[in-house]
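In this text, residue positions in the sequence shown follow the numbering used here: the first is 15, and each later residue adds one. Just so you know, even glycine gets a beta-carbon here, dropped at the ideal spot from N, CA and C. See structure below.
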Amino acid sequence: MPVASYPGHVLLQSDNELSKNVESVLVDQIISALTVQPAQKKPNREAIGPRDIVCRGTFEEVNSFFYERKWSDGLPIVPPTAAKVEEFLRYTDRAPHEVVGVLSPDKREATVWNIAVNGVMAGCRPEYMPVLTAIVEALADPSFRHEYMGTTAGTEALIIMNGPVIKDLGFNFEQGALRVGFQANTSIGRFLRLYLRNVAGFLPHSTDKATFGGTWRVVLAENEDAVARIGWQPLSVDRGFDAGENVVTVTSCTSTAMLVSVGSSRAEEMLEKLAAAVADIQVYLFRVSFSGLSAMPQVVLSPCVAEAIAQSGYSRADVRRYLYQHARVPAKRLEQLCRDKGTLCEAVRQGKFPRQYCESTDPDRLVPMVWSPDDYIVIVSGDPARDNCLVCGQNSYVGYPVSKRIELPSNWQALLRDRVAAC
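Put into structure tokens, the structure is as follows:
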């Protein structure tokens, strides 16, 4: 498809510069694109079948081959031999060529087979296969809107785990919960980024337009022991599942803020700091909410912070309500940061925002960062002995949170026993 390229960035140019560039640069390109037959391009790669052998050689030769074809992330991959892929398929009851969804921008089918291939490449263990499949189901869900994962904000996905599978597969959910070094957390996080690259088709300098970007995030597993101890339910219950179910939630985490030493004998003092951090980080992402969909920021509490808050009588729902009521900024600040989007009251009249954003026209009125308390995701994880918290800013419709049940094979426990015995 022909493309007309505009020089520079429209928000950084004066009205005169905009007019000049449209008339002298853009118009001619548009006319040419509409009237001149473009040259036919030859396919840039041969069609490859899912079971075709694409390379034979040493470990180094295979890695060079994959890197040159942009099939790796720059780190060494585990060569996805047929035998390794077949071993992954033992851990699912689904057919290898079952189509889980179709992913953009390349409009390529996500299949059980190519999930296993990329799982091998990422360094996953075969028994992670049910988790990998649930992750891809979340990516393919229309609500997630994976097609926007290559936008200039450089949004990165965050995977959140719940259920007995956390311990079955050895996920870290305590000290260093988001640090690389634990195979399940690390390799599965890498898998998601590889899958977006190799199957969806997001490539830097091409379809991935991140201004800065960032590396993949390791999986965040909730500390369900700590959650039970303080009398809360797991996050998965908030997401509509029963306690004890294996659930994966995939969302976006565009930027983060670490809160160090928030501890206090008063829960409200800790929650006040959290609300301030949410407002500080989410205010710069608020413009995306002009799409008409609320953001859903994540707030990660270390177990001791969650326990102190719970001892003051707060449930997880109470924490969400507090954040909704106190993570607010003056309306004029949002309108200044989003000046090209119009006013909040205009957005309310257009049906993009709920009415609480235009209860008055006072520019100093305080407005929330999200539509409702339920738009906050509160997670318990991290070092049980440290009073730190983490806030993840979320990009509204870009990577909107989706939760999926992890479907285990019928012989799951036997497979795990065999795996342990083999080690």
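Asked                                                                                                                                                                          : Found
Looking only at DSSP bridge pairs, what is residue 405 linked to?                                                                                                              : 271, 313
Only counting the same chain, and skipping five residues up and downstream in sequence, which positions put a Cβ closer than 6 Å to that of residue 300?                       : 348
Closest by CA to residue 160, which one among 434, 423, 411, 256?                                                                                                              : 411
Within the same chain, show all residues whose beta-carbon is closer than 6 Å to that of residue 93, passing over the 5 residues directly before and after it, in chain order. : 76
Where in the stretch 296-356 do unbroken runs of the beta strand (DSSP E), each at least 3 residues long, occur, reported from the N-terminal end onward?                      : 312-315, 342-344
What residues are listed by DSSP as bridge partners for residue 171?                                                                                                           : 266
Are residue 403 and residue 316 closer than 9 Å when you measure CB to CB?                                                                                                     : yes
Can you name, in chain order, every residue of its own chain whose Cβ lies under 8 Å from the Cβ of residue 68, other than the five neighbours on each side?                   : 62, 79
Quick check: the Cα distance between residue 82 and residue 153, rounded to an integer number of angstroms?                                                                    : 26 Å
Short of 8 Å in beta carbon distance, which residues of its chain neighbour residue 380, apart from the five on each side in sequence? Order them along the chain.             : 342, 343, 344, 345
How is residue 104 classed by DSSP in three states: helix, strand or coil?                                                                                                     : coil
Just checking, does the stretch 328-343 make contact with the stretch 213-220 on the three C-beta pairs under 8 Å criterion?                                                   : no
Ignore the nearest five residues each way along the sequence and tell me which others in residue 207's own chain have a CB closer than 6 Å to its CB.                          : 230
Distance check for residue 164 and residue 43, CA to CA, integer angstroms please.                                                                                             : 25 Å
Cβ of residue 205 within 9 Å of Cβ of residue 142?                                                                                                                             : yes
Sort 324, 28, 312, 113 by Cα distance to residue 242 and report the nearest one.                                                                                               : 324
Should residue 113 go down as buried or exposed, given a rule of 16 or more other Cβ atoms within 10 Å for buried?                                                             : exposed
Looking at residue 310 and residue 415, is the spacing between their C-beta atoms short of 9 Å?                                                                                : yes
Below 8 Å on the Cβ atoms is my contact criterion, and I expect residue 337 with residue 292 to pass it. Report the Cβ-Cβ distance as a whole number of Å.                     : 6 Å
Looking only at its own chain, which residues have a Cβ that is under 7 Å from the Cβ of residue 395, when we skip the five neighbours before and after it?                    : 187, 191, 234, 235, 236, 237, 314
Identify which residue in 388, 49, 265, 436 has its Cα closest to the Cα of residue 409.                                                                                       : 265
For residue 433, which residues of its own chain have a beta-carbon under 7 Å away from its beta-carbon, when the five flanking residues on both sides are left out?           : 141
Could you round the C-beta distance between residue 170 and residue 267 to whole angstroms and report it? I think they count as a contact, below 8 Å.                          : 6 Å
For residue 308 and residue 370, I'd like the C-alpha separation in whole angstroms.                                                                                           : 13 Å
Should residue 157 go down as buried or exposed, given a rule of 16 or more other Cβ atoms within 10 Å for buried?                                                             : exposed
Nearest CA to the CA of residue 413: which residue from 183, 155, 374, 288?                                                                                                    : 155
Which stretch, first to last residue, makes up the beta strand (DSSP E) that contains residue 391?                                                                             : 391-394
On a CA-only basis, which of 147, 117, 121 is nearest residue 129? Give me that one, please.                                                                                   : 147
What does residue 176 pair with, by DSSP beta-bridge criteria?                                                                                                                 : 261
Going by beta carbon distance, what residues of the same chain come within less than 6 Å of residue 131, once the five residues before and after it are set aside?             : 94, 99
In the stretch 167-240, which residue ranges form an unbroken beta strand (DSSP E) of at least 3 residues, counting only runs that do not cross its ends?                      : 170-176
So within the stretch 18-91, which uninterrupted alpha helix (DSSP H) runs reach at least 4 residues, ignoring any that extend past its ends?                                  : 29-35, 41-49, 73-82
What is the residue span of the beta strand (DSSP E) that residue 380 lies within?                                                                                             : 380-382
Does DSSP put residue 121 in a helix, a strand or coil?                                                                                                                        : coil
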